[in-house]
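Residue numbers (the working numbering): 21 to 374. Glycine residues also receive a C-beta, built at the ideal position from the N, C-alpha and C atoms. Everything on this sheet refers to the single structure shown next.
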Ligand code: CUA
């Protein structure tokens with residue numbers, strides 16, 4: 021092989037690495053990944069551990085690659101020389117075994133420490149929210165108990181103390197500890213709001229718990245972190261951290277009865293809803309009592325539709341009703357084949373459900 025082609029070959033992976041590195045850095049500049057902007061003590065502990073792990077992995081990567089490239093450049097292509105046969109190097113092997121063991125044990129210690137930090141707020145043996153409601157005595161007063169159920173591909177958020185059932189958008193008061201009981205309605209999902217805490221699996225037939233303290237007012241997105249079918253990527257949720265006053269307002273709004281149809285269009289929409297949608301969806305206080313889809317009593321108060329897939333506005337709501345399978349293929353909502361008038365009436369009715 022000629023020396024020229026050799027240099028060319030070596031340049032390829034190096035160029036690829038530089039380009040890839042630049043792309044990653046550019047991406048970070050525009051939208052830093054959520055795990056790098058923690059907003060709760062638990063997420064901060066995970067963030068700090070991640071930085072340590074990235075540093076260790078970075079040093080190892082650079083060390084290994086530099087050694088590799090130097091070795092290739094220095095020792096390749098020497099047909100005239102016979103390689104020297106060696107049988108081990110005690111110093112070198114002891115050195116790298118000891119160094120690796122030390123790094124692994126430091127990592128273990130830091131990881132266990134982080135796990136203690138993250139789980140410090142989770143009660144030893146929390147009561148099941150599904151069974152009864154003796155929660156206040158079992159969990160300290162400054163905590164908000166919540167039941168979260170993962171479904172293909174959306175989320176139930178239930179507040180047993182407040183008597184609220186909603187979907188895909190939870191509100192919590194700033195500064196309180198949220199304790200969530202995690203369940204699954206079908207397959208394994210994983211509850212993950214990266215800026216608020218770590219991932220916890222939701223397993224059919226088993227109850228898991230997580231907790232987080234929402235330290236800063238704002239809106240935080242979460243997602244399912246366990247592959248659960250074709251729409252796994254469209255299984256998002258939002259946690260809105262409110263001021264105590266805003267949270268009280270939200271609770272009062274969610275506890276209020278559903279708005280009643282006023283205009284002719286809204287009444288027609290209500291009729292269509294109970295006939296075509298009520299088998300799967302509930303609107304509190306109406307004939308619609310289906311449980312297999314999200315509770316829509318206060319649908320219009322939510323920011324997003326279809327588990328953070330679409331912004332919640334009348335246009336998108338109409339698109340969603342008209343073609344749920346086109347927008348989120350494989351989801352369980354069927355196309356009810358409504359005509360344009362029925363869809364427009366239905367959207368008029370659903371839009372008053374603030
Ligand atoms: Cu649910 Cu992935």
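Our contact map puts residue i next to residue j with C-beta atoms below 8 Å; I'd like the distance itself, whole angstroms only.
i	j	result
residue 204	residue 250	Going by Cβ atoms, the distance from residue 204 to residue 250 rounds to 17 Å, so no, they are not a contact pair.
residue 62	residue 137	7 Å
residue 198	residue 222	Wrong, their Cβ atoms sit about 16 Å apart, outside the cutoff.
residue 172	residue 352	7 Å
residue 189	residue 257	7 Å
residue 358	residue 292	7 Å
residue 69	residue 130	6 Å
residue 370	residue 289	7 Å
residue 304	residue 334	That pair is no contact at about 22 Å.
residue 248	residue 207	5 Å
Buried or exposed, going by whether 16 or more other CB atoms sit within 10 Å of the CB of residue i?
i	result
residue 154	Because the pLDDT at residue 154 is just 38, under 50, the model does not fix this residue reliably, and the value given afterwards should be weighed accordingly. Exposed: under 16 other Cβ atoms inside 10 Å.
residue 232	buried
residue 85	exposed
residue 49	At residue 49, the pLDDT of 47 sits below 50, so the modelled position is not reliable; the number obtained from the coordinates is stated separately. It counts as exposed.
residue 348	buried
residue 332	buried
residue 210	buried
residue 134	buried
residue 214	buried
residue 96	exposed
residue 375	In the structure as shown, the chain starts at 21 and stops at 374, and residue 375 therefore has no counterpart that could be examined.
residue 65	buried
residue 374	exposed
residue 90	exposed
residue 302	buried
residue 360	exposed
residue 239	exposed
residue 60	buried
residue 362	buried
residue 126	exposed
residue 355	exposed
residue 79	exposed
residue 107	exposed
residue 114	exposed
residue 328	buried
Using CA coordinates, which residue listed in the options is at the minimum distance from residue i?
i	options	result
residue 318	212, 122, 272 and 66	272
residue 346	326, 334 and 104	326
residue 230	237, 236, 238 and 220	220
residue 350	87, 252, 184 and 207	252
residue 376	122, 175, 76 and 119	It is not possible to answer for residue 376, since the shown part of the chain is limited to 21 through 374.
residue 58	212, 227 and 113	212
residue 237	246, 244, 344 and 266	266
residue 321	269, 88 and 164	269
residue 123	67, 72 and 185	72
residue 67	56, 112 and 132	56
Are the C-beta of residue i and some C-beta of chain C separated by less than 7 Å?
i	result
residue 224	Among the chains in the structure shown there is no chain C, since it carries only a single protein chain.
At a cut of 8 Å, does the stretch 188-197 reach the stretch 255-262 through at least three beta carbon pairs? yes
Three or more C-beta pairs below 8 Å linking the stretch 283-300 and the stretch 358-369: yes
Could you tell me whether the stretch 272-281 touches the stretch 327-341, using the rule of 3 or more Cβ pairs below 8 Å? no
Jot down the residue ranges of each uninterrupted alpha helix (DSSP H) in the stretch 47-128, minimum 4 residues, whole runs only, in chain order. Whole alpha helix (DSSP H) segments, 4+ residues: 61-95.
Length-filtered (4 minimum) alpha helix (DSSP H) runs lying within the stretch 272-326: Secondary structure in the stretch 272-326: the alpha helix (DSSP H) runs of 4 residues or longer, each lying completely within the stretch, are 284-296 in chain order.
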